[in-house]
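Accompanying notes for the structure given below.
This is the structure we're talking about:
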């Protein structure tokens, strides 16, 4: 597959109706050609990214270059890809017309420094920074499935939209090519290395992650490092601010409490599926996890406590046949693990009591009791905003 990114301007202003018509035709054509991508527009300048089969992508780009309605066309990126960055969209669209230029953290101020009639300078360094910016400003906000959840909502009040978004199957590209960002062996190994270092405490919340330094340390290029970091951002382990920092996420008490509420809401579906059918070896592993958690509490290591607690609850997740549900829970669990330093505020006693009830209910195959144990995680007074913020 190939991806091409370019900027262009139009010979005259384009009305909303005209743009809508253009998008409709482009999406129909792209669907036929198995092309996906995104289009951004501001003040007469367009940035478009197309991806798909190499011949189709080159053909579409050639037709754009030959179209007299386009001018000042500048090729920003032209490269082979193994996976799609925009698998869900035949042509996603974002208008930046109403956004002040100063608020668009675009590389080289792409929508402001260079007027549409001027094109881009020959030394424009936008290839990688463009995609970095797209992840920051475009992909991440659009893909983020969770609407805000208040810490005092409780599982029953967590919106159905949140649950549906996390449980829905991933959207496949039109030709069923891989759609997961960062799925190469190298990217996966980098992802696993950073996750291991975070979970073991080698990397702590707030530690800065520099792609160049990581690439040198791991003996690879910066591209797979960046893809791995983006994958870690998607699950909340890494956070970034454009042109400022990329670091291990700092999880506030409020976010930790919110994540536990979302985790409990999703975990209830796990209980519905598996309670009454859990193998004995899983139950024995949960008993060992509970003992390890209590020992961790006694030792007072917050990071280890968080990881041991997560291990206990994830035992039942592994018994589920719903891969989308597993993925949703694993995403939230990563955030909870990073919140180890706030466990005292969230309520270790509530977690301990919940474990005891959930384990006993799993042994007995008692679904109602399992749900009661789960509710202990969110009914504790420590999980309210006033408690966690104090």
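In our numbering, the protein residues as written are 824 to 1213. A virtual CB, placed ideally from N, CA and C, is assigned to each residue, including glycine. Model, not experiment: these values are computed from the prediction.
Residue from the options with nearest C-alpha to residue i
i            : options                  : result
residue 1010 : 859, 1112, 1048 and 1143 : 1048
residue 1137 : 1126, 1150 and 1125      : 1150
residue 1061 : 1072, 1067 and 1051      : 1072
residue 1147 : 1051, 856, 860 and 1090  : 1090
residue 1184 : 1133, 1095 and 1201      : 1095
residue 887  : 854, 1056 and 827        : 827
residue 1128 : 1115, 1139 and 903       : 1115
residue 1173 : 1143, 904, 1187 and 1120 : 1120
residue 1112 : 1100, 1130 and 1126      : 1130
residue 1034 : 1067, 1058 and 1097      : 1067
residue 1043 : 1013, 1156 and 1031      : 1013
residue 1054 : 1038, 1017, 882 and 1025 : 1017
residue 879  : 859, 1105 and 1026       : 859
residue 875  : 1040, 856, 1140 and 1099 : 856
residue 1156 : 1029, 1110, 1078 and 873 : 1078
residue 831  : 1084, 890 and 844        : 890
residue 1064 : 1029, 1037 and 1097      : 1029
residue 861  : 1104, 907 and 1097       : 907
residue 848  : 883, 833 and 829         : 883
Boundaries of the alpha helix (DSSP H) in which residue i is found, first to last residue
i            : result
residue 1132 : 1125-1140
residue 1061 : From DSSP, residue 1061 is part of no alpha helix (DSSP H) but of the beta strand (DSSP E) over 1061-1064.
residue 1188 : Careful: residue 1188 lies outside any alpha helix (DSSP H) and carries neither H nor E.
residue 1153 : 1146-1161
residue 1045 : 1045-1057
residue 1034 : 1034-1041
Residues bridged to residue i [DSSP beta-bridge criterion]
i           : result
residue 875 : 825
Three-state secondary structure assigned by DSSP to residue i
i            : result
residue 1082 : helix
residue 857  : coil
residue 1101 : coil
residue 1069 : strand
residue 888  : helix
residue 1195 : helix
residue 1031 : strand
residue 848  : helix
residue 1074 : coil
residue 1200 : helix
residue 1026 : coil
residue 1170 : coil
residue 907  : coil
residue 1143 : coil
residue 1120 : helix
residue 943  : At residue 943 the pLDDT is 48, less than 50, meaning the model places this residue with poor confidence; the figure from the coordinates comes in the next sentence. If DSSP states are grouped into helix, strand and coil, residue 943 belongs with coil.
Run of the beta strand (DSSP E) containing residue i, from where it starts to where it stops
i           : result
residue 895 : 893-903
Contact test: residue i Cβ vs the ligand HEM heavy atom, cutoff 7 Å
i            : result
residue 1190 : No copy of the ligand HEM appears in this structure; indeed no ligand is present at all.
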